[in-house]
Amino acid sequence: MAMPAAAQTAITIERESEIGTIQPEVYGQFLEHLGTQLYGGLWVGEDSDIPNTDGVRDDVFAALQKLQVPVIRWPGGCYADIYHWRDGIGKRTPRVNLAWGGTSEPNTFGTHEFFNLAERLGAKTYLNVNLGSGTVNEAADWLEYITGNGQTALAQERRGNGRAAPWKVDYLSIGNETWGCGGRMRPAYYADLYAHWASFMVVDGEKPVMIVSGAHDGNPEFSDEVLDHPMIGEVSKGISLHFYTLPTSNWSRKGAATGFAESEWASTMERTLRMDGLIASSIAMIDSHDKLPDGYGLYVDEWGTWFDETEGRSSLWQENTIRDGVVAGLNLNIFHKYADRVPMTNIAQMVNVLQAMILVDDERMTLTPTYHVYEMYALFQNAKSLRVAMDGPTYSNGEISIPALSASAARMKDGRLAIALVNADPGADHAIAIPRTGAERATGRILAGNAMDSRNSAAKPEAVAPRPATIRQDGNRFTAVLPARSVSVWIVG
Ligand code: AHR
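According to the numbering used here, the sequence shown is numbered sequentially starting from 1332.
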């Protein structure tokens, strides 16, 4: 049983201090050909007994629709640099997935299936083309096949394969983690290749928003050197950053997804909060490059929790608990704070892989705590992020001390405020107060877990699900108690 803390934290929302619009793409997803994400997860094929539309599971699709998915990155990740698009159009060419465990890759989910899925969801598309083992010609042809509007052979081939109108590629990146799985390149070499290839990523005068692949948390100098390229600002609108939350920060023993000690709750929170400093330092680095245009963006196109492999499961399948939900809330609050400079993020990943929204097992689908956080936070899309101030309690465990509470706020189009509140303390409830500033009403929903690793399952699908929050009016303030291990979203106005 969590202990209520005595003190009440006052949270101030600076209503006149707008940071910027929270781009819907901040709530982006990532769909890689990895483990059972596609085959056995999202995609079952038209002939399956599982209800589907054009091969995509109806239950998973309906769940994703509720998230208002704004953009999907595809086909990788490391997989992008072994993917040859012609394998996944017309008559399919089965391959081995050399990026992820040598599993079979039937290529039944390809270009048409991805772009149709995005179109049905109303999501923008983020294509990662193959620099590692592909050619510039291959990438340019793919873009023309997808987006060509004229009478070219490639546009005609697409029509012959059943799609008359062109689709749109909204965002495009060339290569992925080119310092690692994408080809072990030196930054200057990659920057040269990127600038070269980017020059040819144009069809009918249209160019996607171009993103250059950058560093992960441990090698910021890679991005710095890529940005030294004198023309990189002409051929890209921003650079990517990858950052994963490992409980131990140790890639050979990351930590368990469930059944962990409180010390690993604390180290998970401490590590995930480093996202704030990483974004700040990446923005400072971007701004130190004089030749880049104003507003050059930071695209956090891979982030999320990464635990030890789960025995008997496919690659990178992991359980998702209230700890993941809290991690999601903390990171989304950080992204809101940088709304003016972080135009897109892509949580890794959508189904059955890493910090997934949805876990699928044959007939059954389970919505994870992370899913519920995304569903609760969806109202932040397109809202104007506001500055928030508080002097709240600290949560400590061993040598770790972090702020127990995190908050973000934004003005929605209808003028009401959306407020997100996270209590990352696993053992104490914390009381808060927010000035009413003339608002008549506050309503909210809260996601909390009974234990540090509370999760949903087929037997208990609603063990961790949003419920109404109790908010009191106390004179000129709204007050509430945020339970230990919880994420809340309020609407005030
Ligand atoms: O998301 C899983 C993998 O993590 C991606 O394929 C790769 O880009 C990163 O290392």
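Ideal Cβ positions, reconstructed from N, Cα and C, are used throughout, including at glycine.
| Query | Result |
| --- | --- |
| Gln1649 CB to nearest heavy atom of ligand 1 below 8 Å | no |
| CB of Glu1556 within 9 Å of CB of Ala1519, strictly | yes |
| Rounded separation between Asp1681 and Ser1646 - CA only | According to the sequence as given, residue 1681 is Met; it is not Asp. Approximately 14 Å, taken between the alpha carbons. |
| Coarse secondary structure for Ala1615, derived from DSSP in three states | helix |
| Counted within 10 angstroms of its Cβ, other Cβ atoms place Phe1809 as buried (16 or more) or exposed | buried |
| Status (buried if at least 16 other CB within 10 Å, exposed otherwise) for Ser1739 | buried |
| Boundaries of the beta strand (DSSP E) in which Ala1755 is found, first to last residue | Looking at the DSSP string, Ala1755 is not in any beta strand (DSSP E), and its letter there is neither H nor E. |
| Reference Gly1746, options Gln1339, Thr1340, Arg1346, Ile1342, closest by Cα | Arg1346 |
| Which listed residue (Val1753, Val1820, Met1675) has its alpha carbon closest to that of Ala1709 | Val1820 |
| C-beta contact flag for Thr1456 and Trp1405 at 9 Å | yes |
| Closer than 8 Å: Phe1638 CB and nearest ligand 1 heavy atom | no |
| Whole-angstrom distance between Val1534 and Trp1528, CA atom to CA atom | 13 Å |
| Distance CB(Gly1506)-CB(Val1460) smaller than 9 Å | yes |
| DSSP-derived helix/strand/coil call for Gly1824 | coil |
| C-beta contact flag for Asn1787 and Ala1779 at 9 Å | no |
| Contact check, Ile1542 vs Ile1570, beta carbons under 9 Å | yes |
| Beta-carbon contacts of Asp1655 that lie in its chain and below 6 Å, excluding the five residues immediately before and after | Thr1636, Gln1686, Pro1700, Thr1701 |
| Contact between the region 1422-1433 and the region 1363-1373 (3+ Cβ pairs under 8 Å) | yes |
| Buried/exposed call for Gly1545, threshold 16 Cβ in 10 Å | buried |
| Near ligand 1: Ala1430 beta-carbon under 8 Å from a heavy atom | yes |
| Own chain, CB closer than 7 Å to Asn1447, minus 5 neighbours either side, in chain order | Asp1385 |
| Proximity of Ile1350 and Ala1670 at Cβ, strictly below 9 Å | yes |
| Integer-rounded CB distance, given that Thr1442 should sit under 8 Å from Gly1419 | 6 Å |
| Spatial distance of Val1566 from Trp1582 (CA atoms) | 34 Å |
| Ranges of the beta strand (DSSP E) found wholly within the region 1745-1789, counting only runs of at least 3 | 1748-1754, 1759-1766, 1773-1779 |
| Tyr1358 beta carbon less than 9 Å from that of Thr1676 | yes |
| Contacting residues, own chain, Cβ-Cβ under 6 Å from Val1684 (five flanking each side not counted) | Leu1365, Gly1366, Gln1368, Leu1647 |
| Among Glu1595, Met1616, Ile1614, nearest to Phe1638 - alpha-carbon criterion | Glu1595 |
| Reduced DSSP category for Phe1446 - H, G, I as helix; E, B as strand; rest coil | helix |
| Any beta strand (DSSP E) of 3 or more consecutive residues that is wholly inside the region 1332-1373 | 1334-1352, 1359-1361 |
| Member of Ile1678, Asp1692, Leu1577, Gly1626 whose CA lies at the smallest distance from the CA of Val1640 | Correcting the residue identity first, residue 1640 is Glu in this sequence and not Val. Closest option to Glu1640, Cα to Cα, is Leu1577. |
| Length of the line joining the Cα atoms of Val1719 and Thr1343 | 6 Å |
| Cβ neighbour criterion (16 or more within 10 Å) applied to Pro1628 | The amino acid occupying residue 1628 in the given sequence is Gly; Pro does not appear at that position. With 16 or more Cβ atoms within 10 Å of its Cβ, Gly1628 is classed as buried. |
| Where the beta strand (DSSP E) through Thr1424 begins and ends | Segment: none, Thr1424 is in no beta strand (DSSP E) and carries neither H nor E. |
| Start and end residues, beta strand (DSSP E) containing Asn1728 | 1725-1728 |
| Rounded straight-line distance, which links the Cα of Arg1816 to that of Met1332 | With a pLDDT of 47 at Met1332, under the threshold of 50, the predicted position of this residue should be treated as unreliable, and no value is reported. |
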